[in-house]
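First residue of the sequence shown? That's 17 in the working numbering, and the numbers climb one at a time after it.
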Amino acid sequence: MMPGQIPEPSLAPGSLPSLGPLASITATTLTDQLKLHTDFRQLGAMLLLCCLGVQESERLEMVNSDLKAQIEELRVERQQLMVMLNLHRPTCIVRTDSVHTPEQEAQPLLDAK
């Protein structure tokens, strides 16, 4: 060994002295626990997405309900305006000089002759 070199710890095949209590657990057990931990993490992620989905679903249902209420209000307002217009029609005096029909509209291309 060279001066200043750290001595290599002697490890017998299969021994893991630095892991303390885990040294007696087999690799299969550790792999199974790791798989279980991974499964729990995936389950947690799915539950989180599910909860977020429920919250988003509830929010969208509220927005949908509000939009339906607005549509109904607009229908009622439209109906009221139509009634008002129909009530006004018999008393309305239409000035014929202010009414323009498509035939009376200026046609600049034809007038340019």
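For every residue, glycine included, the Cβ atom is placed at its ideal position computed from N, Cα and C.
Does DSSP classify residue i as helix, strand or coil?
| i | result |
| --- | --- |
| residue 42 | coil |
| residue 87 | helix |
| residue 110 | coil |
| residue 129 | Summary for residue 129: the model assigns pLDDT 46, below 50, so the residue's position carries little reliability; its value from the coordinates is reported in the next sentence. It is coil, neither helix nor strand. |
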